[in-house]
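**Student:** I'd like to ask you about the structure that follows.
Protein chains: 4
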Amino acid sequence: MKMNVSIVGATGYTGLELVKILLNHPQFNITYIANSTGDTTIDKLHPCLTDVINMEVKKADALEISKVSTLCFLALPHKTSMGFAKQLLELGVKVVDLSADYRLELDTYEEHYCTHEDKENLPKSVYGLPEFYENDIKNATLVANPGCYPTASLLALIPFVKYIDNNSNIFVDAKSGVSGAGKKLSETTHFVTVNDNMFAYNPMKHRHMPEIKEKVKLLESKDLNINFIPHLIPVTRGMLVSIYATINDANIDVKSILKEYYKDCEFVRVKDSCVDIKSTAGTNFCDIFVEQNGDAIFINSSIDNLLRGASSQAVVNANLMCGYDVNIGINKIAYVP
Amino acid sequence: MKMNVSIVGATGYTGLELVKILLNHPQFNITYIANSTGDTTIDKLHPCLTDVINMEVKKADALEISKVSTLCFLALPHKTSMGFAKQLLELGVKVVDLSADYRLELDTYEEHYCTHEDKENLPKSVYGLPEFYENDIKNATLVANPGCYPTASLLALIPFVKYIDNNSNIFVDAKSGVSGAGKKLSETTHFVTVNDNMFAYNPMKHRHMPEIKEKVKLLESKDLNINFIPHLIPVTRGMLVSIYATINDANIDVKSILKEYYKDCEFVRVKDSCVDIKSTAGTNFCDIFVEQNGDAIFINSSIDNLLRGASSQAVVNANLMCGYDVNIGINKIAYVP
Amino acid sequence: MKMNVSIVGATGYTGLELVKILLNHPQFNITYIANSTGDTTIDKLHPCLTDVINMEVKKADALEISKVSTLCFLALPHKTSMGFAKQLLELGVKVVDLSADYRLELDTYEEHYCTHEDKENLPKSVYGLPEFYENDIKNATLVANPGCYPTASLLALIPFVKYIDNNSNIFVDAKSGVSGAGKKLSETTHFVTVNDNMFAYNPMKHRHMPEIKEKVKLLESKDLNINFIPHLIPVTRGMLVSIYATINDANIDVKSILKEYYKDCEFVRVKDSCVDIKSTAGTNFCDIFVEQNGDAIFINSSIDNLLRGASSQAVVNANLMCGYDVNIGINKIAYVP
Amino acid sequence: MKMNVSIVGATGYTGLELVKILLNHPQFNITYIANSTGDTTIDKLHPCLTDVINMEVKKADALEISKVSTLCFLALPHKTSMGFAKQLLELGVKVVDLSADYRLELDTYEEHYCTHEDKENLPKSVYGLPEFYENDIKNATLVANPGCYPTASLLALIPFVKYIDNNSNIFVDAKSGVSGAGKKLSETTHFVTVNDNMFAYNPMKHRHMPEIKEKVKLLESKDLNINFIPHLIPVTRGMLVSIYATINDANIDVKSILKEYYKDCEFVRVKDSCVDIKSTAGTNFCDIFVEQNGDAIFINSSIDNLLRGASSQAVVNANLMCGYDVNIGINKIAYVP
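See the structure below:
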């Protein structure tokens with residue numbers, strides 16, 4: 003018997019990707035779709051879904067959701083999201099939250115976002131990076147889906163944290179496709195601004211930097227000097243991360259460490275040469291490559307920012323929360339060519 | 003009275019850019035254009051020049067060049083280039099060489115390229131980065147035009163070398179447009195490979211790495227641990243460089259150092275925010291921005307890989323070698339939008 | 003029980019798309035993959051398939067194919083293809099040929115391609131455009147998969163042929179993504195040639211023009227003055243066709259004609275506004291829109307050139323040849339965003 | 003002695019292009035730049051102009067303009083533009099208006115735009131297409147700069163109008179880069195909407211259709227059935243037009259007609275093969291090619307939508323209005339590669 007799920011926040015790109023994944027999912031059954039206004043259908047919101055699904059899109063209502071679904075995906079802006087999550091959890095609905103609201107510890111969150119309005123559930127939330135938190139996710143009722151940058155950065159960085167020189171600086175040079183900026187209109191996402199262009203933004207000030215630092219500390223109990231520099235590239239979807247670090251012993255075989263670390267992971271591919279964006283676009287894979295020059299290392303990872311960086315990782319988390327195999331309903335075939 | 007100049011290697015992108023610049027140059031007069039085969043015209047090689055210039059393209063011949071020109075631009079592959087330069091210098095022709103043949107000291111060159119066949123002139127060549135070698139260039143008969151990556155990297159790095167911690171690693175994350183790979187057909191330059199994609203190549207192994215290291219040492223007598231990681235981006239022209247380094251005193255005001263260092267330079271713009279590729283495309287400018295996070299610094303530069311990274315810098319060098327103002331004939335207006 | 007199928011010509015884009023579709027197909031089971039050289043694996047040929055499928059790729063051999071499969075997809079260049087098809091048919095293997103070899107009547111073929119080397123099977127082949135030849139395809143042992151341009155053009159044009167003024171000219175202005183030109187290296191597919199550019203090629207001389215004319219005549223017994231003008235656009239996959247024609251009665255309601263014509267078709271979506279490329283990319287859909295200005299009509303269609311224009315249409319044909327539902331294994335969810 | 007000119011409407015792309023052209027113009031001297039708000043500088047509005055020009059940008063004031071300049075370029079939206087033009091003409095300032103306000107006859111204008119508020123000057127305005135109106139432009143005080151689509155369409159169509167079958171339909175399939183839509187934010191110009199995509203818009207309803215029809219009638223006294231279908235392409239600047247028509251005699255040599263027609267024109271290049279966008283990008287050229295198939299013809303033209311389609315054509319008109327050579331200050335060297 004299938005499990006009924008809801009999607010709140012169907013207007014954006016991650017909401018669309020959730021619909022696309024769940025439509026083909028053998029175990030989940032979409033019973034409710036909502037956005038902030040309602041009164042439309044999913045194929046009107048996303049014309050590419052014409053003749054595929056024409057389900058009604060309602061104005062989000064927690065009680066209604068609890069009546070028709072066991073689990074709810076929240077693809078909402080931060081702050082809005084915790085309002086819903088709180089109600090849904092009280093009503094006994096499992097939640098996968100794609101916003102930042104439950105990703106960080108209280109202090110970190112309030113320093114970089116706003117006052118937290120669900121201090122009760124925050125401590126119960128599990129950070130939804132399956133490679134590191136699989137068992138906690140299996141038992142969670144609230145999973146905080148990681149940000150796209152932290153997903154690609156942590157999967158690349160964690161295997162090497164214990165070997166990194168404490169006093170050195172780590173630099174995370176990340177490049178994201180424009181869909182990462184969402185549908186909102188801005189000069190930055192105007193075609194003429196992005197086409198034939200590339201630039202960094204918020205260097206060493208982006209809100210995903212504290213998320214990366216906090217998780218490194220929690221996972222490896224080590225305070226690293228992480229500097230995060232995001233760039234925008236003329237690509238619709240995809241993310242490439244280049245991490246630069248200094249290890250405390252030039253003789254460590256970083257390639258074997260990486261291969262060994264992920265040998266049993268479904269969705270991480272350790273590559274023998276530089277990774278590219280297109281080979282992961284459309285999939286839940288994170289491709290990783292590492293190169294060494296003395297004590298300097300270059301760790302290179304690639305993900306689809308909308309899938310492994312958001313929606314397909316959310317469904318993997320839902321699979322685990324509901325006792326299903328991580329694989330089911332998750333695409334491994336890239337949009338190549 | 004105008005000065006007569008020749009261009010050898012008119013088939014490639016840098017040859018085309020040289021023709022485009024020199025056509026509008028108030029002091030230089032193109033008297034001779036050649037490539038490896040000859041027997042065509044410049045507008046047949048580059049149809050965009052139809053009704054603009056239809057000059058004959060000959061099979062390159064040093065003696066002919068010496069009869070009709072005082073200075074010659076060589077836009078040839080390395081190895082081929084030194085063969086011509088040698089003859090031209092013997093015949094009294096000044097040379098601006100856009101290849102790698104005269105950029106490096108003998109040992110560095112032979113380690114990374116091939117046996118050097120003009121050991122006599124190599125020591126006399128001047129490295130054509132005007133911000134650092136202006137006076138030498140003025141008196142040179144042979145100028146080695148820097149590579150595109152070293153140009154963008156050295157202009158960003160040099161002002162900070164003296165403040166960088168000797169034991170730390172410096173990481174140069176460089177992103178180049180596809181024109182940097184030249185006209186040669188390869189899977190890497192196929193539209194389908196590059197569009198919607200991005201990837202690093204030859205990480206910490208590229209031949210521009212020793213060029214950067216050597217010049218840093220010669221200019222600042224300091225051996226730095228420079229790691230160079232080039233990337234290809236879905237852009238035709240332009241280059242963005244992000245340099246990551248650790249300084250030995252977190253209280254240094256890096257922004258003032260940069261502003262002060264370049265306050266009198268025509269072709270360097272110190273910016274107050276992240277640089278982008280389009281603002282320098284079509285010009286000889288190098289835009290630079292620097293940001294700080296404790297002792298970690300992010301130096302960000304942008305150039306047009308075919309102009310400041312090759313042809314317009316070559317003409318600036320020719321201006322200096324011939325006693326003209328650096329500015330003449332050099333474009334400062336970008337291809338925006 | 004699943005049906006065993008082979009793929010010959012696994013190196014190109016259409017071969018890759020066949021593998022991707024058949025991997026998820028509930029009824030077909032890939033037992034054999036080949037290209038012209040063999041001695042590799044499918045994930046070595048297409049690294050994006052790493053950890054997805056690592057099947058051996060052999061040097062194509064008809065006898066081997068007949069031993070392990072009931073149906074074979076040929077994704078080969080024309081001329082090479084008929085050589086294989088002939089052998090396979092003799093050995094009792096059903097064939098879906100993606101080349102041009104069995105698309106045209108003998109005279110048309112030999113005028114535009116080369117001497118035909120399988121005159122025996124040519125008359126038995128069925129043109130694989132399911133909307134018009136479904137029943138013939140169901141009974142066929144050899145299906146000639148249509149070209150990408152003819153697929154998008156015929157689906158748009160056929161519903162209106164009977165209303166078109168015989169003496170007027172029909173103009174088919176078609177725009178194709180670069181993947182349509184295949185993997186072969188050429189100046190035309192170099193990133194620098196295509197990026198920020200667009201141009202027509204072989205105007206009114208392309209080999210898909212006679213294919214369109216012949217099928218219109220066979221389907222509607224009408225000789226139309228069709229002029230076909232293909233263009234290349236800076237897009238990887240996708241095709242947009244704009245057809246311009248004159249109808250013999252300005253009062254005909256073209257919108258209703260189109261809606262009525264395709265009301266029962268799974269894979270044609272009649273739209274109320276202009277179609278775009280992205281809404282069909284990744285799917286087997288053909289989106290069509292029509293607009294009218296007096297007796298002038300504009301018929302506008304969009305397909306994915308590699309799927310509806312090649313591989314997914316080939317699998318739909320195989321579904322019909324094997325008595326399966328047209329839908330099975332065929333994707334309807336686009337690569338949006 | 004140089005002539006003083008003003009630019010009103012400096013915020014948009016055409017305003018920027020005017021500044022870029024006039025900066026290098028040997029005869030025009032920019033004395034005044036304005037937009038609707040003022041209180042800024044041109045390099046703040048367009049950061050790419052940093053260290054190139056830092057002139058003040060004022061709130062547009064006709065009286066001020068008349069005191070400091072002989073001629074004024076108006077790069078404003080329609081309706082706003084005629085308000086200014088009227089005042090400037092009363093004050094004796096020559097005007098080149100880049101908006102639609104003075105392009106059409108009264109009835110045509112009011113049918114497709116709005117009530118005309120300067121009926122007095124409208125009849126005196128000259129349509130600024132130099133190939134057809136050079137002498138009128140020389141004597142004009144008010145020139146209406148043509149739209150980008152009409153420029154590329156009329157230059158391609160006019161030479162053939164007298165040979166076109168009156169009863170046939172003419173189809174103008176036009177493709178424009180995104181800069182043609184201006185800086186305004188809209189879903190249509192969002193990078194994610196345009197990248198890897200292409201679509202038609204307002205087919206046979208666009209306001210440039212009546213402009214083309216009216217000019218054809220005025221120039222060739224012939225009423226043609228012109229159908230105009232614009233498309234948006236994933237390109238920043240450039241425009242490609244494909245015109246499809248039927249001639250009344252299949253034996254006419256269309257190639258010679260075209261060559262002959264433009265043999266003395268500075269800025270039209272008649273090509274022997276299909277034109278492309280990049281070869282005219284950055285220039286004032288219009289490239290044209292024609293092909294024939296019986297009585298069907300394909301006329302293919304390319305321009306830079308911001309230059310020949312707006313700003314450089316405006317400066318050519320100003321050159322003529324001021325008695326200068328059409329060539330001065332006008333770029334012929336394209337942005338290739």
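Protein chains in written order, with this note's numbering: chain A, 3 to 339; chain B, 3 to 339; chain C, 3 to 339; chain D, 3 to 339.
Note that beta-carbon positions come from the ideal geometry of N, C-alpha and C, so glycine has one too.
If you run the structure through DSSP and keep just helix, strand and coil, what is Ile254(B)?
**Tutor:** coil
**Student:** With which residues is Phe230(C) paired in a DSSP beta bridge?
**Tutor:** Val174(C)
**Student:** Can you tell which of Val95(C), Pro339(C), Ala283(C) and Ala102(C) has the C-alpha that lies nearest to the C-alpha of Cys74(C)?
**Tutor:** Val95(C)
**Student:** Rounding to the nearest angstrom, what Cα-Cα distance links Asp175(B) and Pro236(C) in this structure?
**Tutor:** 27 Å
**Student:** So, is the C-beta of Ala298(A) closer than 9 Å to a C-beta in chain B?
**Tutor:** Closer than 9 Å to some Cβ of chain B, the Cβ of Ala298(A) qualifies, so yes.
**Student:** My output table needs one value for Ile335(B): the three-state DSSP class, helix, strand or coil.
**Tutor:** coil
**Student:** At 4 residues or longer, what runs of the alpha helix (DSSP H) sit wholly inside the region 60-103 of chain D?
**Tutor:** 64-70 and 82-92
**Student:** Using a Cβ-Cβ distance under 9 Å, would Asn204(A) count as near chain D?
**Tutor:** no
**Student:** Compute the distance between the beta-carbons of Arg239(D) and Thr52(B), then report whether it is under 9 Å.
**Tutor:** Not in contact: Arg239(D) and Thr52(B) (Cβ atoms no closer than 9 Å).
**Student:** Taking 6 Å as the limit between beta carbons, can you name the residues of its chain near Ala247(D), skipping five residues before and five after?
**Tutor:** Ile166, Ile172 and Ile299
**Student:** When the distance is taken between beta carbons, is Lys140(C) closer than 9 Å to Leu322(C)?
**Tutor:** yes
**Student:** So, Tyr115(C) versus Leu124(C), is the Cβ gap smaller than 9 Å?
**Tutor:** no
**Student:** For the alpha helix (DSSP H) that contains Val21(D), what are its first and last residues?
**Tutor:** Boundaries of the alpha helix (DSSP H) harbouring Val21(D): Tyr15 to Leu25, taken from the DSSP string.
**Student:** With C-beta atoms as the reference, is Tyr151(A) less than 9 Å away from Met57(A)?
**Tutor:** With a cutoff of 9 Å on beta-carbon distance, Tyr151(A) and Met57(A) are scored as not near each other.
**Student:** In angstroms, rounded to a whole number, what distance separates the CA positions of Lys88(B) and Lys164(B)?
**Tutor:** Roughly 37 Å between the two C-alpha positions.
**Student:** Can you list, in chain order, the residues of its chain with a C-beta nearer than 7 Å to that of Thr13(A)? Leave out the 5 residues immediately preceding and following it.
**Tutor:** Same-chain partners within the cutoff: Asn37 and Leu47.
**Student:** Since Val54(A) and Ile35(A) should fall inside the 8 Å C-beta cutoff, what is the C-beta to C-beta distance between them, to a whole number of angstroms?
**Tutor:** Their Cβ separation, rounded to whole angstroms, is 13 Å, which puts Val54(A) and Ile35(A) out of contact at 8 Å.
**Student:** Considering just the uninterrupted stretch of the beta strand (DSSP E) at Phe287(D), what are its terminal residues?
**Tutor:** DSSP places Phe287(D) in no beta strand (DSSP E); its state is neither H nor E.
**Student:** Per the DSSP calculation, Gln29(D) is bridged to which residue(s)?
**Tutor:** Paired residue(s): none; Gln29(D) is not in a bridge.
**Student:** Of all the CB atoms in chain D, is at least one closer than 9 Å to the CB of Val237(B)?
**Tutor:** no
**Student:** Anyone know if the C-beta pair for Phe86(B) and Ala102(B) falls short of 9 Å?
**Tutor:** no
**Student:** For Asn204(C), which residues in the same chain have their Cβ closer than 7 Å to its Cβ, ignoring the five residues on either side in sequence?
**Tutor:** Pro232
**Student:** Check whether the Cβ of Tyr246(D) lies closer than 9 Å to any Cβ atom in chain C.
**Tutor:** yes
**Student:** Let me know the secondary structure DSSP gives Tyr165(A) once reduced to three states.
**Tutor:** helix
**Student:** Give the DSSP-derived three-state secondary structure of Val218(B) in the structure shown.
**Tutor:** helix
**Student:** Whole angstroms is fine: what's the gap from Thr16(A)'s alpha carbon to Ala316(A)'s?
**Tutor:** 10 Å
**Student:** With a floor of 4 residues, list each alpha helix (DSSP H) that falls wholly inside the region 102-167 of chain B, ordered by position along the chain.
**Tutor:** 108-114, 132-140 and 150-159
**Student:** Name the chain B residues whose beta carbon is nearer than 8 Å to that of Lys334(D)?
**Tutor:** Asp53 and Val54
**Student:** What would DSSP say about Phe269(D), mapped onto helix, strand or coil?
**Tutor:** coil
**Student:** Take every Cβ of the region 202-217 of chain A, pair it with every Cβ of the region 204-220 of chain D, and state whether three or more of those distances are shorter than 8 Å.
**Tutor:** no
**Student:** Does Val21(C) get closer than 9 Å to chain B when you measure Cβ to Cβ?
**Tutor:** When Cβ-Cβ separations below 9 Å define contact, Val21(C) makes no contact with chain B.
**Student:** Whose C-beta lies closer than 8 Å to the C-beta of Ala183(D) among residues of the same chain, with five residues either side of it excluded?
**Tutor:** Thr190, Thr191 and Leu234
**Student:** For Ala158(C) versus Ile228(C), is the C-beta spacing smaller than 9 Å?
**Tutor:** no
**Student:** State buried or exposed for Asp120(C), treating a residue as buried only when at least 16 other CB atoms are found within 10 Å of its CB.
**Tutor:** buried
**Student:** For Ala154(C) and Glu293(C), I'd like the C-alpha separation in whole angstroms.
**Tutor:** So the two alpha carbons sit approximately 17 Å from each other.
**Student:** Can you find a CB in chain C that lies within less than 9 Å of the CB of Ser188(B)?
**Tutor:** yes
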